[in-house]
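Structure first, commentary second.
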Amino acid sequence: MVFQNAKMASSARSSSTPPCTLSVRLALPIATHLRALGAASVLAEFGLDQVSFENPDARMEHATWVDLLARGAEVTGDRDFGLHAAERCEPTLQDLIMLLASSQATIRDAYFRGMRYVRVAHEGLAVDLSMKDGVASCVFACRPGLAHPPILSEYVLAMWIVLGEQILGPEGQRREIQFRHPRPADTAEHERIFRSPVHFGRPTDAIVFPAATLDEMLVTANPYLSGILEKEVRRIAENIPEELTLIPRARAWLTRELAAGNAAIEGLAEHLRMSPRTLRRRLGDEGTTYKQ
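In this text, residue positions in the sequence shown follow my numbering: the first is 11, and each later residue adds one.
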């Protein structure tokens, strides 16, 4: 009964709230990892292909991102799938926000530039940098109402660390990692990837490090490239559409396709760039079903 009531409350919020989207390129390491494991068929389930990741304007829903991670873990049988997918990150293949941040003069500039335009990368992701007593904390959180399971927390923080090491070098190991979720039975992969103290059951998902680190210079600093990238990021930010809720988009597609006899849920799911499973869940969150 508690679960049912919670779901009904979620449905009430979702019915009046546009879906949250993010840059498809934030899922690129997941796609790269699935292909490397011979599990590219998972991408097809979500209507994703190579072209999807090459388009800088392409976006996907947050729910699809979460489901893609969960499905990857399910198919591969890897309980550390989020960590391992994050290891596939490469600065040259990442989201424009990451590239813009890496072109700044200092780590401080990179953080604040990234936070300024974080909505371009993910509309519902909040990144907060605070400093106290010589210690800096970079906290990551999803807006209320968005799914934020442990696999997503581990993927995001590991991706941040992997990219940071590729840009700054492995010597910058003076940090600790904090997760909200309980400690897993086996943390060997967390220790290997983060190479720092990892704490679980904390109030937030965060990376903690000496505040003096923020003044370190970036070897990837490039003022000219930064100017070009910022113009492109601004262009994308201005063109992020105000999405309709799922039901009007689904009805609009069905109105067009019913005349041609195409009313399969798989067709609608492909049009909306999500799996049939995600589509059914999203419709349920909005208080309806596909048949309705």
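All C-beta atoms in this analysis are idealised placements derived from N, C-alpha and C, irrespective of residue type, glycine included.
- Between His132 and Ser236, the gap from beta carbon to beta carbon reaches 9 angstroms or more.
- A residue is called buried once 16 or more other Cβ atoms fall within 10 Å of its Cβ, and Asp59, having fewer, is exposed.
- Ranking Ile107, Ala195 and Asp119 by CA distance to the CA of Leu224 puts Asp119 first.
- Per DSSP, the continuous alpha helix (DSSP H) segment holding Gln60 begins and ends at Gln60 to Glu64.
- Of the candidates Trp75, Gly82 and Leu109, Leu109 places its Cα closest to the Cα of Asn232.
- Beyond the five residues adjoining it in sequence on each side, Thr86 comes within less than 7 angstroms, by CB distance, of Leu47 and Ala49 in the same chain, given in chain order.
- Under the Cβ criterion (8 angstroms, minimum of three pairs), the stretch 240-249 does not count as touching the stretch 169-178.
- Rounded to whole angstroms, Arg212 and Phe189 show a C-alpha spacing of 6 angstroms.
- By the neighbour-count criterion, in which a residue is buried when 16 or more other Cβ atoms sit within 10 angstroms of its Cβ, Ser112 is buried.
- Fewer than three Cβ pairs drawn from the stretch 73-86 and the stretch 198-210 lie within less than 8 angstroms of each other, which leaves the two stretches out of contact.
- Between Phe210 and Glu164, the alpha-carbon positions lie close to 11 angstroms from each other.
- By the CB criterion at 9 angstroms, Gly92 and Ala168 fall inside the cutoff.
- Beta-bridge pairing by DSSP links Ile217 to Cys148 and Ile187.
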